[in-house]
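Novice: With mature numbering (1 follows the signal peptide of the UniProt record, and there is no 0) applied, the sequence shown corresponds to residues -21 to -1, 1 to 1080, in that order. Positions of the beta carbon are idealized from the N, C-alpha and C atoms, including for glycine.
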Amino acid sequence: MVYQHAVQTIVFLFVFCEVFAQDKTYNVPEEEAESSFVGNIARDLLLADVIPPNVYKTLQYSIMAWEDGGQFRVDKDNSDLFTKFRLDREQLCRFKSQCLLNLRIVARSNSDIRKYWIAVNLLDINDNSPVFGYSSVNLSISESVSVGMKYSVPSASDEDRGEGNTIQSYSIEPKSDVFSVEYLKKLDGTFDVNLVVTQQLDREKVDRYRLVLVAKDGGNPAKSGSMSIDVLVTDVNDNTPRFPKTQYKVNVGENTVPGAVILTLQASDEDIGVNAAITYRLSRNQDIGVTDLFAIDPTSGVLVAKSALASGSYTIIVEAMDGGTPRNVNQTEVQVTVIDTENNPPVISIDPLNGDSDAAFILESAPHESMVAYVSVSDPDSNDNGVVTCYSQSSFFDLRRLQEDDYMVVVVRPLDREETSAYKVTIFCEDAGTPKLNATMTFDVTVGDVNDNAPVFDNPNQVISISEGNSVNDIATLLSATDKDTGDNAKISYSLLNNSGEYFRIPPGTNALVCAKVLDRETQDTHVLKILALDGGVPSLSATATVTVSVMDINDFTPQFFQMNYKFSISEGLPAGSIVGSVSAYDMDLNESGEIRFSIPTSSSDSEKFHIFNNGTITTRIPLDREDVDILRFSIRATDLGRPPLSAQVDVQVMVVDINDNTPTFTFPTSTNNSLALTLPVDVSRSLIRLQASDADAGQNGEFFFTLQPGNVSSMFHVNAITGDLFATRTFGEGDVGDYNLTFTVTDKGDKPLSSTKFLIIHITVNPQLTPVQSSDTNAMIAGGLVCGTVLVAVVIIVAVCYVRRRDKGKKLRYLEKGANSAPRMTEVADLANGQKKFNDQGENGQDQLKSKNYTSYQTQKEDIATDRYSRPKHPGVRLSVDMMVKGDEPDNVDKELNRVTSLRLQQAFQHLSSFKTQLLTPADTIRAYEWREIQIPSQPGDFGSLSSRGTMSTTLTNVNSCTGDSGIATDDDALFVHKGQYKGAVPSARVKPRQAPRRLPQQAPRQHSHQQVRRTSSETSGDSIQLSSTSSSLVSAGPRLSVDMFRFRPVSARSTDSFPSETVDDQWTTTSGSYSIHTEDHVGQKGNSLASGFVQDVYV
């Protein structure tokens, strides 16, 4: 068998593995901490549903060394899958849109092994910023470019591949009016990025643009990267050379020699390069004689005389032409006047070569021998008087002879604009005549700046302090750097080389370092920034500085508890001061703002029961009682010492652990309810009664069991330890009739059990009206005989009653009536009926009239037999008739005899009916306990139930029990047996005495019958109280209805007479001795019938 079971298991596993094995894909975000939970293999693959339990429990799990299995680990017992390392998607799945890590899980049992393919989809998070391949790029764009022209620039890359985490947009910051950016995403996720010209360029206005291209991804928050774009606007020949003057006038002496410099012309062109390379020529469209007398240098623009000049005036048109394509040409006019001179001093003419300016200009970076100005000297004299020599009287500049009387001023020493920005140069010329004549002339030389000085920070290592909680755009500090250069070379712009978490920024064109975010000292208390200062020179020079920002603390951090809520447990009954537990909190602030004090708000529901120390330890103020409250809830407040103080609260729940400190107690039996009455026979299969107990403790301490202490009766009864149901161990006989004292113990299940004991008194009696239960055949025979006997007796009774009624029909019955003078008189029965009717019609007046005649009326509320107002049991309420009784002094002898005979006849009939009723009880009725009932009714003189009353009274009985049909007048003899059909016959009313009195039960014993217990009490009235004792002869069966006609038994109205003073009670189950009025009446279930018909007879008992 074992072998077959093993083979079946192996076959099942093979089939299962082939059919039900399936892959599983998990989604896990990247960068999760190592040992992060991925999933449960067995649960997610539903292995428990398809693998036999005995095999499933033995499975062991492992990961094969295959593909990405090394990145994970699995719990070999419960199949929980965890990451082994922090997984970086960009390293594991670079350039992949989906990152699937494949591994194989092996599930191994004692008899088989199976592999499962598991895929882990590593989800991308936005943990990478876009990155450009270059920090900066240079573009050259012609100023003549058309608007809308596009220039490709490098795109950025983003390691992230998750949807929304890749690059989403490109932009130019700050926004430019001249350029924009267009981008198009390609199939591989990269972009084609183009710089678009949106406005016409003009190099002469702006020759360079510095742009920043920013790429942003779609994360939240978005990350970005940037690249600098330096756009150089290239020149086109769109400017014509310009002369400083449109006309020049020069005077020369008549002795001007050929080659003498007449004038140096200098034109300018705003273009650069070849487009600004100017050449000069004399216009071809002028007097040919001009070209014979004058010439101009095409490069320098020096106009000279080609031959001696005669006195007079000459007009020369000079052209300036650039080197662009096509060439642009401009013209100017030179008027030369030749004058006659003799023995004159030299005449100095200086051309500063700076357009209309009288000052020459030279860059400080000009090399040695660079020309600064042109000097021309003339002397109209001849021979030595006309030989002129010139000198420079400046140490930085000197003259270099170009021709005999032409010089150029050149730089002979390095210039430094930062030391001397302007020079006054004096030219001294002297002829060789005797005496020597000389002349001087001074001109200014302005030294032009070049970008030869880098910016210098005033404080290259600046430390500043800022309080946290600042507003955005608050100025942290003003940056200060200087540049010895001038102009654009001295214009400094500031930028951040590194930005600590992008908390700061420098607005373009300002030197202000402002806060871009709200600073939080608890997140970062120090920010170290690298500042770049860049001047406007070409090329630009720069300097860096370090700004250390120290974030000062303010009380902005609310104390935080380490747990969202706290739960503690403590045993009940511990003394005050016992430790419950401890809480802890933290505050990221510094100094007093970070010191925490704990307290319990008085508004908490159970705050008065606990105390907390500053270290977070919670103790009790009073001993705790779980039976009072098992769960205590309150709050703990953590408050820092800052100004203003901040606080936080956490909910605390303390569970009071139960100890066995409560003894189980009986709720039945009790000291006032500790007896049980049983009537033979007793069914051993049914519970006699259920013991009840309670224990205020909880859990095992509150669980208990019942035991019956050993004794002389322990063999007769046994108790269910759990439910407390008491059973008889055997069938009881008449020999077991008696009282039994049982001792029960209830014990809890605590570690140290507690118990309590109670006594129960059981009264076992024999119902005198019950006969032993026969077999089914015997019962059938008995039932048939009883039915026949009953019919026969009923016929006899009906015949007897009809005979008596016929005999007495119209007979005037005599009643003794006592008037005001106490003299007896006779009263007709018809008068009694009329008096009753009169009483009913006249209300209170009629009642007063009857009372004046000393009539006593006993009246109860009628109930309609035909109504179906009671659901269970369905029998009508008891209808009580009204009997009129009048006491007399002495009964008539004839009446006495009639009373005696009638009494005996009725007593025999009713005893027979009672016996018949008793034998028709079902077995279920035989075990019900019967009890004596003493009913106290309102009394007045003459109450029929009194043992010693001598007066006459009137009482209306209204308390009719709606369930049992009990009339409520001190006896159960009026109980009903009802057939399903409505009864339409005559029902005799009389008092019936049982044949044997049952034993009286204790007053506290429960009334064991299946119907509602009837508590027969009447409303309180003034006057004396009397008691009438009777016994129950039967109860209504809760089982099937008996198929017999309805019989009604009810007590009669009784009266006692003064003729028989010695009234006695024959035990407690007989009626009182005296004179009684017996009234038999036909009841047809119709309301309104009272004493209109019936038979009234006095009976003496």
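F74: buried (16+ other C-beta within 10 angstroms of its C-beta) or exposed?
Specialist: So F74 ends up on the exposed side.
Novice: Have a look at residue 1082 and R189 and give me their C-alpha separation to the nearest angstrom.
Specialist: Nothing in the structure corresponds to residue 1082, since the chain is present only between -21 and 1080.
Novice: Based on the DSSP output, what are the partners of E161 in its beta bridges?
Specialist: Paired residue(s): N173.
Novice: Within the continuous beta strand (DSSP E) that includes R93, where are the two ends?
Specialist: Taken as a continuous stretch (DSSP letters only), the beta strand (DSSP E) holding R93 covers 92 to 102.
Novice: Find the nearest neighbour of E10 within the set T523, A44, R65, E46, judged by alpha-carbon distance.
Specialist: Nearest C-alpha to E10: R65.
Novice: With DSSP as the reference, please indicate the residues paired to S673 in a beta bridge.
Specialist: In the DSSP output, where bridge partners are listed per residue, S673 has T644.
Novice: I'd like the list of long-range same chain contacts for G960, defined as Cβ closer than 6 Å, with 5 residues on each side in sequence excluded.
Specialist: With a pLDDT of only 38 at G960, under the threshold of 50, the placement of this residue in the model should not be trusted, and no figure is reported.
Novice: Pick helix, strand or coil for V451, following the three-state DSSP scheme.
Specialist: Three-state DSSP puts V451 in coil, outside helix and strand.
Novice: Can you give me the Cβ contacts of P602 inside the same chain, cut-off strictly under 7 Å, excluding the 5 residues immediately before and after it?
Specialist: Around P602: G552, L553, P554, A555.
Novice: Which partner residues does T649 have in the DSSP bridge list?
Specialist: DSSP, once it has assigned bridges, lists no residue as partnering T649.
Novice: What separation, rounded to the nearest whole angstrom, lies between the Cα atoms of S123 and H347?
Specialist: Distance between the alpha carbons of S123 and H347 is about 37 Å.
Novice: Is the separation between the beta-carbon of F376 and that of V404 shorter than 8 Å?
Specialist: Yes, the Cβ-Cβ distance between F376 and V404 is below 8 Å.
Novice: Since L26 is in the beta strand (DSSP E), which residue starts that stretch and which ends it?
Specialist: Here L26 belongs to no beta strand (DSSP E); instead the alpha helix (DSSP H) covers 26 to 29.
Novice: Taking a contact to mean a Cβ-Cβ separation below 8 Å, would you say A338 touches A433 in this structure?
Specialist: Their beta carbons are not under 8 Å apart, which means A338 does not touch A433 by this criterion.
Novice: Taking DSSP as the reference, what is the three-state secondary structure of N940?
Specialist: Caution is warranted here: a pLDDT of 38 is assigned to N940, below 50, making its placement in the model unreliable, and the coordinate value is therefore given only provisionally. The answer is coil: DSSP assigns N940 none of H, G, I, E or B.
Novice: Distance, Cα to Cα, S374 vs T419?
Specialist: Answer to the nearest angstrom: the Cα atoms are 16 Å apart.
Novice: By how many angstroms is the C-alpha of I579 removed from the C-alpha of T726?
Specialist: Roughly 41 Å between the two C-alpha positions.
Novice: With burial defined as no fewer than 16 other Cβ atoms inside 10 Å of the residue's Cβ, what is the status of I329: buried or exposed?
Specialist: I329 should be labelled buried.
Novice: If the criterion is Cβ atoms closer than 8 Å, does the pair M206 and I257 meet it?
Specialist: Not a contact, by the Cβ cut-off of 8 Å.
Novice: Could you check where the alpha helix (DSSP H) with D607 kicks off and where it finishes?
Specialist: Where D607 is concerned, there is no enclosing alpha helix (DSSP H), given that its DSSP letter is neither H nor E.
Novice: Under the assumption that L498 contacts Y473 (Cβ atoms under 8 Å), give the Cβ distance between them as a whole number of angstroms.
Specialist: Their Cβ separation, rounded to whole angstroms, is 20 Å, which puts L498 and Y473 out of contact at 8 Å.
Novice: By the three-class DSSP mapping on this structure, what secondary structure does I777 have?
Specialist: Residue state, collapsed to three classes: helix.
Novice: Quick one: residues in its chain with C-beta nearer than 7 Å to the C-beta of N89, no 5 flanking neighbours on either side, listed in chain order?
Specialist: Counting only Cβ-Cβ distances below 7 Å, and skipping sequence neighbours, we find T37.
Novice: Please report the Cβ distance between K195 and S155, rounded to the nearest whole angstrom; I am assuming they are in contact, meaning their Cβ atoms lie under 8 Å.
Specialist: In fact, because the Cβ distance is near 17 Å, the residues do not count as touching under 8 Å.
Novice: Near Y719, what residues of its chain come up, given a Cβ to Cβ distance below 6 Å and the 5 sequence neighbours on each side ignored?
Specialist: Here the set comprises V692, I741.
Novice: Hey, T213 and S119: beta-carbon distance below 8 Å or not?
Specialist: Closer than 8 Å, so yes.
Novice: Would you be able to state if there are at least three C-beta pairs under 8 Å between the segment 89 to 101 and the segment 166 to 184?
Specialist: At 8 Å Cβ cutoff, the stretches do not touch.
Novice: Identify which residue in A98, Y259, I20 has its Cα closest to the Cα of E46.
Specialist: For the residues A98, Y259, I20, the minimum Cα distance to E46 belongs to A98.
Novice: Return the CA-CA distance between K415 and Q314, expressed in angstroms with no decimal places.
Specialist: One C-alpha to the other measures close to 31 Å.
Novice: Using a 10 Å radius around the Cβ and a threshold of 16 neighbouring Cβ atoms, would you call V737 buried or exposed?
Specialist: Going by the sequence as given, residue 737 is Lys instead of Val. The residue in question, K737, is buried, as its Cβ has 16 or more Cβ neighbours within 10 Å.
Novice: Name the DSSP bridge partner or partners of E409?
Specialist: Answer is T368, N417, bridged to E409.
Novice: Near T4, which residues of its chain fall below 7 Å by C-beta distance, leaving aside the five closest residues on each side in sequence?
Specialist: The residues are A98, N100.
Novice: Which same chain residues, not among the five before or five after K830, have their C-beta less than 6 Å away from its C-beta?
Specialist: A caution first: K830 carries a pLDDT of 39, below 50, which makes its placement in the model unreliable, though a value can still be read off. If we look at K830 and ignore the five residues flanking it on each side, it has no Cβ neighbours.
Novice: Quick one: grab the DSSP three-state call for I151.
Specialist: Note: I151 maps to strand in three-state DSSP.
Novice: V283 and A289: beta carbons closer than 8 Å?
Specialist: Their beta carbons are not under 8 Å apart, which means V283 does not touch A289 by this criterion.
Novice: Is it right to say Y113 is buried, meaning 16 or more other beta carbons lie within 10 angstroms of its own, or is it exposed?
Specialist: Burial call: exposed.
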